[in-house]
Structures are given as C-alpha cells and as structure tokens.
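Protein chains: 2
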Amino acid sequence: MTEREATQADTIRLAIESEIFNGSLVPGTSLEEGRLATRFGVSRTPVREAITQLVQAGLISKSAHRRAVVSELDSGTLLDLFEALSELEGSAAFLSTTRMSQAEKKRLVTIHESAADNLRNQEDPNEYAKLGSAFHHGIVRGCHNKILIEATDWLSLRVLPYRRFQVMTPGRLEKNQADHDAIISAIVAGDAEVAREALQRHTLEQGDALMRFIALNKKKPVERLPRAINEEYSV
Amino acid sequence: MTEREATQADTIRLAIESEIFNGSLVPGTSLEEGRLATRFGVSRTPVREAITQLVQAGLISKSAHRRAVVSELDSGTLLDLFEALSELEGSAAFLSTTRMSQAEKKRLVTIHESAADNLRNQEDPNEYAKLGSAFHHGIVRGCHNKILIEATDWLSLRVLPYRRFQVMTPGRLEKNQADHDAIISAIVAGDAEVAREALQRHTLEQGDALMRFIALNKKKPVERLPRAINEEYSV
DNA sequence: GACCGGTAGAGTGTATACAATAGGTCAAAA
DNA sequence: TTTTGACCTATTGTATACACTCTACCGGTC
C-alpha cells in the first residue's frame with residue numbers, strides 16, 4: 002500500500018524495530034530522541050520521524066512532550082491481541098481454503114511436512130519455529146485480500162516483542178504440529194468452515210500458552226530491567 | 002493505546018483528515034508540504050509529521066522523495082477493504098452478543114428504534130445515516146476487545162473518504178433497516194453465530210452497493226479533478 | 001519527427017538552532 | 001520531617017537553513 006525507499010528515517014525505524022524484536026529494547030524502555038540520534042549518527046529529525054512511524058505501528062507509545070516508550074502490553078491487552086488475531090487468521094483460513102491455487106496449497110503442504118520432519122528428527126527448534134510462522138504466513142497470504150493481510154500483519158507485529166518468551170513446555174511442539182495438521186487437512190479437503198475454526202482456536206491457544214509463560218516469568222522481573230537499560234545505553 | 006495531546010502536528014493531521022473525509026481533498030490529490038505549511042501558517046516540520054501519521058493510518062500514500070498523495074483505492078482494494086471489514090465486524094458481533102451488558106444492548110435497541118422512527122416519518126436522511134453508523138459503532142464497542150475495536154476503526158477510517166458517494170437507490174434504506182433488525186434480534190436473542198453472519202453479510206452488501214455507485218460515477222471523471230486542485234489551492 | 005541525455009527548478013530529506021514544556025531539585029515553611 | 005512551591009535543567013516541539021533527489025523541459029542527435 003505504502004511504498005518507501007531507503008531514507009534515513011526508514012533505516013532507523015527498522016533498526017529500532019529489530020531491537021524491539023530481538024529483545025534489546027524491552028517493552029517499557031523509554032527512548033530519548035537525542036540519545037538515539039547520536040547513537041545512529043544522525044540528527045534528531047529522522048529519529049523523530051522513525052518514532053512517529055513506530056507509534057502508528059503500535060510498537061511505541063508516546064504522548065505530547067513526553068518521552069516515547071516501547072509499548073508495554075498488559076495481560077488484558079495481550080489477550081485482546083491474540084483474540085483479535087485469531088479472528089483475523091480464522092477469516093484468512095476460511096477465504097484461503099477456496100482461494101489458494103493448487104501451487105499455493107502444495108507449497109503450504111511442503112512447509113508443513115518439513116516441519117514434521119524437523120520435529121521427528123529432533124532438529125533445530127529455531128528452524129521449526131521459522132517453519133511454523135511460515136505456515137501461518139502462507140495461510141494468511143493465501144486469502145488474496147491485501148487489506149486482511151495488512152491487518153493481520155499489523156497485529157502480528159505487535160505480538161513479536163513477546164515471542165522470544167516462547168519456550169518449550171513438554172509436548173507443546175507436538176500439539177502445535179497436530180493443530181497444523183488439522184488445519185492443512187481442512188484446507189486441502191476444501192472445508193473452509195473447519196479450517197477457520199481450527200486456525201482460530203489454534204492461535205487463541207498459542208496466545209494462552211504465551212501468556213501463561215509470561216505471567217510465570219513476571220514473578221522475577223529483576224533480571225529484565227537492568228539488562229535493558231544497559232543495552233539501550235551501549236554504543 | 003496511544004495518547005496524544007494538542008500539538009500542532011496533531012491539529013494539522015486532524016485538519017487534513019477532515020478535509021479528506023468531507024471531500025475537499027479527493028483521493029488522488031497530491032499534497033505539497035510547503036504549500037500546506039503556509040496554508041496552516043506553520044513550518045514544514047509539523048506538516049511532515051502529520052503526513053507521516055496519515056501515511057501510517059493508510060489515508061495517504063507516499064514514497065521517498067515523492068509527494069504525498071491522498072490514498073486512492075482501486076475497486077479491487079475497496080472490495081478487499083469491505084471484505085476484511087465485514088469479517089472484523091462479524092467477529093465483533095459474535096463477541097458482543099455474549100459480552101454486551103444489558104445496558105449496552107438496551108442502548109443499541111434505542112438507537113435502532115430511533116432509526117426506525119426516522120425512516121417511518123421520512124425525517125432527515127443525514128440523521129438516519131448517523132444513527133446507522135452509531136449502530137455499527139455500538140456493536141463493535143460491545144465486543145470489549147480494544148484491539149479488535151482499533152483494527153475495525155482503522156479499516157472504517159479508510160472507507161470514509163468514499164462514504165460521501167453514498168446515495169439512495171430506491172429501497173436501500175429499508176433494506177438497511179431490515180438488516181439491522183435481523184442483527185439486533187440475533188444479539189438480543191443471544192445467538193452469536195447468527196449475529197456474526199448477519200452483520201458480516203450486511204457490511205459486505207453495503208460495500209457492494211457503494212462500489213457499484215462509484216463505478217457508475219467514475220464514468221464522468223472530468224468534473225472531479227479540476228475541483229480537487231481548485232480546493233487544494235484555495236486558502 | 002522521435003528519442004535521448006543533460007540541465008535547471010521545484011520539492012523532499014536532514015541538520016541545526018530556537019522555543020516551550022515537563023519533571024526534578026532545593027529551599028522554605030508548617 | 002514533611003510538604004509545597006518556585007526555579008532550573010533536560011528533553012521535546014517547531015522553525016529555518018541547507019543538501020540531495022526527482023522531474024520536466026530543452027536542445028541535440030539519429
């Protein structure tokens with residue numbers, strides 16, 4: 002929808018984004034324009050522009066004359082986020098079932114089978130995670146509705162800062178794979194309503210799992226804050 | 002989610018927004034920072050910030066080193082927009098059915114009945130339109146999911162520039178009212194799935210109607226462009 | 001006559017300087 | 001000792017000046 006090129010503001014936006022995603026910038030960290038400017042070796046102008054963009058993207062919150070802060074999602078909002086995302090992904094699955102080409106479906110099956118292999122042979126869990134998100138991604142793209150894709154991406158983006166909390170509780174990957182299996186079966190079988198329901202519940206459950214894990218780890222927040230501050234100030 | 006206060010950039014953003022909505026700035030019009038700056042009596046800086054925000058909101062498109070342009074939705078995208086919106090509103094209706102308080106449902110019924118009165122007595126159609134959007138709005142809020150509300154608002158915003166094309170084809174209002182009637186009935190009866198389906202189809206049909214009307218009027222685009230340019234340059 | 005490259009001119013991107021605001025600090029009074 | 005209020009500093013918001021990019025026009029060439 003909105004095409005851009007490599008202007009400094011964009012570069013900086015991407016840099017901040019990835020720092021948020023990889024955990025250098027923990028939610029709650031406050032961002033200071035001047036400091037960021039010197040850190041990136043530019044003036045405050047492009048930094049401000051990057052911040053404005055990230056605010057609109059929902060990754061940063063800010064009010065007038067106050068510092069920008071990496072958005073912090075309380076558990077209620079996080080729950081809302083997953084609920085909304087599950088509805089959107091469900092809708093996408095519904096549409097994708099009838100709209101994906103044979104090639105697209107085949108690609109999706111391939112991804113799914115790679116994931117199955119990975120799991121069976123106990124390979125790199127990071128790789129499995131990548132395949133998993135490719136699976137979701139593939140279904141969403143399959144709906145061929147630019148706006149629905151955009152909206153889904155938007156919500157997914159806001160979950161990313163919390164994805165790194167994702168951890169293996171015993172049997173979680175197997176459950177995940179089984180869910181995916183049900184979803185792909187429904188899509189291949191052409192049962193749109195089943196596909197919707199399966200993906201919807203799957204995403205919702207993923208959210209629940211993530212939230213439970215975060216809730217547990219919030220008990221010891223001592224280790225989180227100092228590290229974050231440290232990394233923000235490091236040049 | 003993101004709180005702001007009255008900074009100049011926000012004022013200008015709102016000004017541009019409303020000009021887009023009321024039709025002063027027709028989709029396709031190009032916005033020049035310098036001109037806008039002098040028009041609003043400020044420097045380019047807040048104007049640029051306003052534009053950045055509107056770009057992220059989807060109302061304006063822009064790529065690096067090029068002028069900002071009021072987003073123009075081709076018919077395909079508009080169709081996507083309505084399809085996505087219908088899914089979101091449908092989801093909201095589903096959730097609202099079980100989550101709205103009695104007070105909320107009552108308020109919704111009141112709005113619906115006011116609309117019925119308005120229609121029966123052939124009162125102001127503008128007022129009817131307002132009640133109609135209040136009805137939709139009320140259902141969406143009723144889902145009590147901040148994110149879903151945000152996402153729905155986001156999409157609705159992008160439809161607004163085209164709403165003014167809305168016109169009365171014979172019997173359209175009656176059909177609209179009948180749809181709303183079915184929706185509110187399902188909600189009051191507590192039948193979430195019926196509510197979802199009813200609102201979803203209703204929004205989709207609204208979109209189709211709008212698109213048909215726009216398609217007809219696109220046949221004579223001569224009158225649109227000069228007027229737009231004219232209005233942009235008027236102080 | 002059509003096509004191509006170069007060259008102003010307009011307009012965007014960035015830097016810097018200035019203004020205004022918020023939040024903290026310190027002092028004074030209860 | 002605590003609280004309150006005024007100032008003072010740090011940081012954001014805005015203006016202006018400059019640099020770079022694009023585009024449209026022009027002359028030349030095929």
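Going line by line, the protein sequences match chains A and B.
The working numbering applies: residue 2 is where the first sequence begins, and numbers increase by one.
The working numbering applies: residue 2 is where the second sequence begins, and numbers increase by one.
We treat Cβ as the ideally placed atom computed from N, Cα and C, and that holds for glycine.
Nothing here was measured: the structure is a model prediction, and the numbers come from that model.
Between A:Q178 and chain B, is any beta-carbon pair separated by less than 8 Å? For the purposes of this step, residue 178 of chain A is taken as residue 177 along the first sequence, with counting starting at 1. By this cut-off, A:Q178 is not an interface position.
Can you tell me whether DSSP reads B:A190 as helix, strand or coil? Mapped onto the second sequence, residue 190 of chain B falls at position 189. Helix.
For the segment 69-88 of chain A, enumerate the residues whose C-beta is nearer than 7 Å to any C-beta of chain B, in chain order. Here the close residues are T78, D81, L82, E84, A85, E88.
Would the segment 81-100 of chain B count as touching the segment 155-167 of chain B if we require 3 or more Cβ pairs under 8 Å? A contact between stretches requires three or more CB pairs, one per stretch, nearer than 8 Å, and the segment 81-100 of chain B meets this requirement with the segment 155-167 of chain B.
Where B:H113 falls, given that 16 or more other Cβ within 10 Å makes a residue buried: In the second sequence, the residue the question calls residue 113 of chain B occupies position 112. Classification of B:H113: buried, given that the 10 Å Cβ count is 16 or more.
A:R100 to A:I148, Cα distance in whole Å? Residue 100 of chain A sits at position 99 when you count from the first residue of the first sequence. Residue 148 of chain A sits at position 147 when you count from the first residue of the first sequence. Cα-Cα distance, rounded: 15 Å.
Rounded straight-line distance, which links the Cα of A:V56 to that of A:S62: Translated into the one-based positions of the first sequence, residue 62 of chain A becomes position 61. Translated into the one-based positions of the first sequence, residue 56 of chain A becomes position 55. Taking the Cα positions, A:S62 is about 6 Å away from A:V56.
Chain B contacts made by the segment 38-52 of chain A, where a contact means CB separation under 7 Å: Under the 7 Å Cβ criterion, the segment 38-52 of chain A contributes E50.
Short Cβ contact (8 Å threshold) for A:V43 with A:I13: The residue you call residue 43 of chain A lines up with position 42 of the first sequence. The residue you call residue 13 of chain A lines up with position 12 of the first sequence. Taking C-beta atoms as the reference points, A:V43 and A:I13 count as a pair closer than 8 Å.
What residues from chain B crowd round A:L149, counting only those whose CB sits closer than 8 Å? Within the first sequence, the letter at position 148 stands for residue 149 of chain A. Within chain B, the C-beta atoms nearer than 8 Å to that of A:L149 come from D81, E84, A85, E88, in chain order.
If I measure Cβ to Cβ from A:V223 and keep anything under 8 Å in the same chain, skipping five residues before and after, which residues do I get? Residue 223 of chain A sits at position 222 when you count from the first residue of the first sequence. Note that A:V223 scores 39 on pLDDT, short of 50, meaning its location in the model is unreliable; the coordinates nonetheless yield the value given after this. Same-chain partners within the cutoff: there are none.
Spell out a yes or no on whether the segment 44-51 of chain A and the segment 90-104 of chain A are touching, meaning 3 or more CB-CB pairs, one atom from each, closer than 8 Å. These segments do not touch.
Give me the chain B residues within the contact set of A:A152, using Cβ-Cβ distance strictly less than 8 Å, ordered along the chain. Start at 1 with the first residue of the first sequence, and residue 152 of chain A comes out as number 151. Chain order gives the chain B residues near A:A152 as A85, L89, A152, W155, L156, where near means a beta carbon separation below 8 Å.
If we ignore side chains and look at the alpha-carbon of each, how far apart do A:E175 and A:S97 end up? Taking the first residue of the first sequence as 1, we reach residue 175 of chain A at position 174. Taking the first residue of the first sequence as 1, we reach residue 97 of chain A at position 96. Taking the straight line joining both Cα atoms gives about 24 Å.
Report the three-state DSSP secondary structure of B:S87 (helix, strand or coil). Position 86 of the second sequence, counting from 1, holds the residue named residue 87 of chain B. The answer is helix: DSSP assigns B:S87 an H, G or I state.
When you compare only the Cα positions, how much space is there between A:N119 and A:S76? Locating residue 119 of chain A in the first sequence gives position 118, counting from the first residue. Locating residue 76 of chain A in the first sequence gives position 75, counting from the first residue. Approximately 32 Å, taken between the alpha carbons.
Per-residue contacts from A:S92 into chain B (C-beta, under 7 Å): Taking the first residue of the first sequence as 1, we reach residue 92 of chain A at position 91. In chain order: E88.
Roughly how many angstroms lie between the CA atoms of A:H138 and A:F95, to the nearest whole one? On the first sequence, residue 138 of chain A is found 137 positions in, with the first residue counted as 1. On the first sequence, residue 95 of chain A is found 94 positions in, with the first residue counted as 1. For A:H138 and A:F95, the distance between alpha carbons rounds to 14 Å.
Can you tell which of A:E73, A:D11, A:T30, A:S25 has its C-alpha closest to the C-alpha of A:I215? Along the first sequence, one-based indexing puts residue 215 of chain A at 214. The option with the nearest alpha carbon to A:I215 is A:E73.
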